[in-house]
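*Asks:* So the sequence shown is residues 97 to 494, counted in the working numbering. Cβ coordinates follow ideal geometry from the N, Cα and C atoms, glycine included. These numbers were taken from a predicted model, which means no experiment stands behind them. A single structure is presented below for examination.
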Amino acid sequence: MQYPALYLKRGEDTRLRAGHLWVFSNEVDVSRSPLTDFKPGQVCAIVDSRDKPIGVGYVNPNSLICARLVSRGLDHALDKSLLVHKLNVALALRERIYDEPWYRLVFGESDGLPGLTVDRFNDVIVAQATTAGMEQLKDEITEALVKVIKPRLLWWKNDASIRAMEQLPDSVELAVGERDNEPVIVREAGLEFECDPVAGQKTGWFYDQRENRDGLEHLVKGKRVLDMFSYLGGWGLRAAAYGASEVVCVDSSQAAVDAISRNITRNGFDGRVSAVRADAFDYLKLLREQRDRFDVVILDPPAFVKRKKDLAEGRVAYRRLNELGMQVLERDGILITCSCSYHMPRSVLLSGVQQGARHLDRHVQLLWNLQQGADHPIHPAIAETEYLKGFVLRVLPA
Ligand code: SAH
C-alpha cells in the first residue's frame, strides 16, 4: 500500500502516540511534505520525524486540523474492508447495550472514524461527514453501511455548520432506497416518536439524552413536569410514561410543536401532555408572573456556547435560564439542567446554578451528574468528544 507521507516535525508525534487522532497544520514538517501537495481529503501515511510511520489518515490542507488518523500502523488500507470492520466494531457496542436498532451507530473519533456520524433508525440510516476525508470516502462508506446494516433508506445529511471549517458545501442526498412520505419512527423505552431526520434538527433525534431520560422514572410519578426546549417531546413523553400527572412541552419551533402533538396522540397521552410554541425565556417569565409552579423542570437547550469566545455571554445565558427554571419550581422541586456546548465546562454550569440559587435564596442538592449516552462514547484522549453535561438537582427553600 503506497500513500503519500505527511511528515510531522520533531516531537509532534507525542499526542498521536498518546491516543489523539488530530494533526494541526503547525505540526507538519512542510519542508518535507508541503500541505499544498495534498488535495482535500487525500489519504496519507502519517510519519514522524525519524521516519517511523504512525498510521494511515487523511489530509485537508484547508483546515486547521489538517490531518486525522484513521488506522494505526500501515497494515490496513483505508478502504471498504477497513470501514466494514470499524462499523462492525461500532455495531457490536450498540447491540450489546440497546435492545432495539435505534441509536447513534458511529460517533466520529470515539469510534475510530474521525469526521463521521451515523444515526440509525431501524432500517433508515442518516450519515453525516464533517471532514473532507470522510466526504471523499462517501461511496465506500455507503457500500460498507449497506453491507453491515442493509438499510432500506440511507441519507447523507451533509449540512452541519462545522463543514464550513473544512470548506465543504452543504448537500443532502438519498444514497440508498426510494424516497417515500412515511415519517421515520424512533422507538425509545417503549414509546414511539415521529421524527424527520432530513428536515429536522441535527440527524433527527437526540439519542445522547436517552440514558438521562431513563432517570425520570424515579422523579416524576404523580408530578407536574415542565419540559423546556422539548423538540419532539423526548423528555416530556418519557415523563408521562413514568406517571407524571401533567406535562407541558415548550419549543420555539412550530414544526417541533406539531410533531409533539402527533407524538402525544400516538402514545396515548392526550389530555395529560400538551405542547406550546413559545420562546423559552418569555414562557418562563410568564409562568413566574402567573405563579404557575411545577414539581420537575427540565432545561435542555441548544448550545449557547458554540465557540470558545462565546463563553462569557453563554454562561450568563445558562445562569439566567436556570434562575428562571428555579423560579417556576415548587418549594421542594427537581431541576434537570443540561448543556450540550463543548466549550461550556461542567463546573461553570454548576457554579452558575449555585449562584442563581443563592440569588433566589434557595438551597441546591446535586443528586446525579448527567453525560451523553453510551452510543456517544467519550474518547479519553480527545476532550472534544465529551460535550454533554447536566445535573439532576433538588431545589429547596434556604
Ligand atoms: N430536549 C430535546 C432536544 C432539544 S434541542 C430532546 O431531548 O430531544 C433544542 C430545541 O430548542 C430545539 O427543538 C429548538 O427548536 C428549541 N429552541 C431553540 N431556541 C429556543 C428558544 N429560545 N425557546 C424555546 N425553544 C428553543
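What do you reckon, are the CB atoms on Tyr99 and Val139 nearer than 8 Å?
*Replies:* What you label residue 99 is simply residue 3 of the sequence shown in a count that begins at 1. What you label residue 139 is simply residue 43 of the sequence shown in a count that begins at 1. It is a contact, given that the beta carbons lie within the stated cut-off.
*Asks:* Between Trp118 and the rest of its own chain, which residues show a CB-CB distance below 7 Å, the 5 nearest in sequence each way excluded?
*Replies:* Walking along the sequence shown from the start, residue 118 turns up at place 22. Closer than 7 Å at the Cβ level, and outside the excluded window around Trp118, lie Ile161, Arg164.
*Asks:* So, with DSSP's three-state summary, where would you put Val424?
*Replies:* In the sequence shown, residue 424 corresponds to position 328, counting from 1. Three-state result, Val424: coil.
*Asks:* His459 lies in the beta strand (DSSP E); which residues open and close that run?
*Replies:* Here residue 459 refers to the residue found at position 363 of the sequence shown. For His459, the enclosing beta strand (DSSP E) starts and ends at 458-467.
*Asks:* Could you tell me the boundaries of the beta strand (DSSP E) in which Tyr379 lies?
*Replies:* Residue 379 sits at position 283 when you count from the first residue of the sequence shown. Where Tyr379 is concerned, there is no enclosing beta strand (DSSP E), although the alpha helix (DSSP H) it sits in stretches over 376-385.
*Asks:* With Glu236 and Leu170 assumed to form a contact (beta carbons below 8 Å), what rounded beta-carbon distance in angstroms separates them?
*Replies:* On the sequence shown, position 140 is the one that residue 236 refers to. On the sequence shown, position 74 is the one that residue 170 refers to. Contact between Glu236 and Leu170 is ruled out by a C-beta separation of about 19 Å, above the 8 Å threshold.
*Asks:* Helix or strand or just coil, what does DSSP make of Arg403?
*Replies:* Walking along the sequence shown from the start, residue 403 turns up at place 307. Arg403 falls in the coil class under three-state DSSP.
*Asks:* Give the C-beta separation of Trp424 and Leu322 to the nearest angstrom, bearing in mind that I take them to be a contact with Cβ-Cβ under 8 Å.
*Replies:* Within the sequence shown, residue 424 is the residue found at index 328, counting from 1. Within the sequence shown, residue 322 is the residue found at index 226, counting from 1. Going by the sequence as given, residue 424 is Val instead of Trp. Val424 to Leu322, Cβ: 7 Å. Contact.
*Asks:* Going by other Cβ atoms of all chains shown within 10 Å of its Cβ, with 16 needed for buried, is Val401 buried or exposed?
*Replies:* On the sequence shown, residue 401 is found 305 positions in, with the first residue counted as 1. Per the 10 Å Cβ criterion, buried.
*Asks:* Near Arg415, what residues of its chain come up, given a Cβ to Cβ distance below 6 Å and the 5 sequence neighbours on each side ignored?
*Replies:* Taking the sequence shown and counting its residues from 1, one reaches residue 415 at position 319. Excluding positions up to five away in sequence, the list reads Gly448, Gly452.
*Asks:* I need the boundaries of the alpha helix (DSSP H) containing Lys243, first residue and last residue.
*Replies:* Counted from its first residue, the sequence shown places residue 243 at position 147. It spans 234-245 - the alpha helix (DSSP H) in which Lys243 sits, taken as one unbroken run.
*Asks:* Is it a yes or a no for the region 315-334 touching the region 248-255, going by three-plus beta-carbon pairs under 8 Å?
*Replies:* no
*Asks:* Return the Cβ separation of Leu492 and Asp428 in integer angstroms, given the expectation that the two are a contact with Cβ distance under 8 Å.
*Replies:* Taking the first residue of the sequence shown as position 1, residue 492 is located at position 396. Taking the first residue of the sequence shown as position 1, residue 428 is located at position 332. Contact flag correct, Cβ pair sits at about 6 Å.
*Asks:* Using a strict less-than 5 Å threshold between each residue's beta carbon and the heavy atoms of the ligand COA, what residues do you get?
*Replies:* The ligand COA is not among the ligands present in this structure, which contains only the ligand SAH.
*Asks:* With H, G and I counted as helix, E and B as strand and the rest as coil, what does DSSP make of Gly448?
*Replies:* Looking up residue 448 in the sequence shown gives position 352. Residue state, collapsed to three classes: helix.
*Asks:* Suppose contacts are defined by Cβ-Cβ distances below 8 Å. Is Asn201 in contact with Asp215 by that definition?
*Replies:* For the purposes of this step, residue 201 is identified with residue 105 of the sequence shown, where counting begins at 1. For the purposes of this step, residue 215 is identified with residue 119 of the sequence shown, where counting begins at 1. Asn is not the amino acid found at residue 201; the sequence shown has Leu there. The answer is yes: Cβ separation under 8 Å.
*Asks:* Is Val124 closer than 8 Å to Asn184 when the C-beta atoms are compared?
*Replies:* Position 88 of the sequence shown, counting from 1, holds the residue named residue 184. Position 28 of the sequence shown, counting from 1, holds the residue named residue 124. Contact flag unset, no.
*Asks:* Please give the ranges of any beta strand (DSSP E) in the region 164-206, keeping only runs that are unbroken, at least 3 residues long and fully inside the region.
*Replies:* 198-203
*Asks:* Within a Cβ cutoff of 8 Å, which residues of the same chain sit near Asp366, ignoring the five residues on either side of it in sequence?
*Replies:* Here residue 366 refers to the residue found at position 270 of the sequence shown. For Asp366, where only same-chain residues beyond five positions count, the Cβ hits under 8 Å are Ile360.
*Asks:* Can you pull the DSSP bridge partners for Arg216?
*Replies:* Translated into the one-based positions of the sequence shown, residue 216 becomes position 120. Tyr199, Ile221, per the DSSP bridge assignment.
*Asks:* Helix, strand or coil: which one does DSSP assign to Asn363?
*Replies:* Within the sequence shown, the letter at position 267 stands for residue 363. DSSP places Asn363 in coil when its eight states are reduced to three.
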